[in-house]
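One structure is given below, encoded as structure tokens.
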Amino acid sequence: MLSLKRALALAFILASARVSTAVAAGETITYEVGGESVRAYLAKPAVLDGRPGIVVVHHFWGLDAHTKGVADRFAGLGYLTVAPDLYRGRLGGDYGLAKDLMDRLDGSRAVAIVKGAIGYLRSLDGGAARRPIALVGFDMGGRVALSAALQAADVQALVIFYGHVETTPESVMPIQVPVLGVFGTDDMVVRVEEARKFEASLKAAGKQATIIIYQGMAHAFFDESRADYDQSLGNDAWIRTQDFLKTALGPVQAPPPAAVPPAGAPSAPSPPGQ
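Anchor point for the sequence shown: position 125 equals 442 in our numbering, and the numbering is continuous, going up by one each time.
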């Protein structure tokens, strides 16, 4: 059963579906990686002030509305967030196309793009802020995020949602940051045995890790656009992710709510022609 604290937090999330109006609208940005101009989705609070950052690494389907929505949600919590596009603007409109895009993705290029996104976040605020940054990857993006962490990406935390992982203590030894892994027992893509071997390997290697395996959950249960979506456990995973990030990156101040004019106050004039 859920604790009272977690149940109240779930109720708050369900009642607060909209991202804070103090978050600036997301925008498409570009940054350079190895001579390539990489597109990315940037979601940021109205005030930056050196706050922690998140790099969201998209799933098998590409940089779609779900991934951008996750970035918006992180920004709504107060994190400066960027989601790089690994597919050069293409989306997997069906399973075959998505698989083709994933199969054609060069692993070294993907890791370089993620590292470039980390550098981009650190370049904001005039490069003065040494902001802590976490990698958060979903599905294929979970594997890419893990690969980046294994290759000395300059981050302070790693979150993997149902991505393929390593299964020996030797393979996870290069990880130098706290890890949160989220999996399901009924996942037919990333089998529960793989998740459990990952957990055992992290423990044997002496790494700081929390592995959550939800009973009865299939693949992509956090993705509201997929058949396996589960709202209750998806929200629980979101709360656990927030708790993990607060510990790993330090507390972050959420953007203040937009001011509400007093009753009877005149509204702002509409632009001409409206």
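The beta carbon of each residue, even a glycine, is placed where N, CA and C say it ideally should be.
These figures come from a predicted structure and were not determined experimentally.
For the alpha helix (DSSP H) containing residue 367, name the first residue and the last one.
According to the DSSP assignment, residue 367 belongs to no alpha helix (DSSP H), since it is labelled neither H nor E.
Alpha carbon to alpha carbon, what distance is there between residue 505 and residue 528?
18 Å
Would you tell me roughly how many angstroms separate the C-alpha atoms of residue 384 and residue 516, rounded to the nearest one?
26 Å
Rounded to the nearest angstrom, what separates residue 511 and residue 499 at their Cα positions?
12 Å
Please report whether the beta-carbon of residue 443 lies at a distance below 8 Å from any beta-carbon of chain C.
Looking for chain C here will not work: only one protein chain is present.
Hey, residue 365 and residue 441 are a contact pair by Cβ (cut 8 Å); roughly how many whole angstroms apart?
Contact between residue 365 and residue 441 holds, since their C-beta atoms are separated by about 6 Å, short of 8 Å.
Please report the distance separating the alpha-carbon of residue 412 from that of residue 465.
Approximately 25 Å between the Cα atoms of the pair.
Beta carbon of residue 372 nearer than 8 Å to that of residue 452
yes
DSSP bridge partner residues for residue 491 (one or two, in chain order):
Looking at the DSSP assignment, residue 491 forms no beta bridge with any residue, so it has no partner.
Measuring straight from C-alpha to C-alpha, what distance separates residue 530 and residue 482?
14 Å
Could you have a look at residue 591 and say whether DSSP puts it in helix, strand or coil?
Unreliable positioning characterises residue 591 in this predicted model, as indicated by a pLDDT of 31, which lies under 50. The coordinate reading is nonetheless provided below. Here residue 591 sits in coil by DSSP.
N-terminal and C-terminal residue of the alpha helix (DSSP H) that residue 392 is part of
For residue 392, the enclosing alpha helix (DSSP H) stretches over residues 382–394.
I need the straight-line Cα distance from residue 369 to residue 389, nearest angstrom please.
15 Å
Residue 357 beta carbon less than 8 Å from that of residue 400
Their beta carbons are under 8 Å apart, which means residue 400 touches residue 357 by this criterion.
Short Cβ contact (8 Å threshold) for residue 491 with residue 518
no
By the three-class DSSP mapping on this structure, what secondary structure does residue 362 have?
strand
Measuring alpha carbon to alpha carbon, tell me which of 497, 508, 463 ends up nearest residue 489.
463
Alpha carbon of residue 355 to alpha carbon of residue 544, nearest angstrom:
Cα to Cα, residue 355 sits roughly 31 Å from residue 544.
Determine the closest residue to residue 513 out of 538, 471, 479, 540, with distance taken between C-alpha atoms.
479
Where do the ends of the beta strand (DSSP E) carrying residue 500 lie?
496–501
Helix, strand or coil for residue 474 per DSSP?
strand
Could you give the first and the last residue of the continuous alpha helix (DSSP H) run that contains residue 414?
412–421
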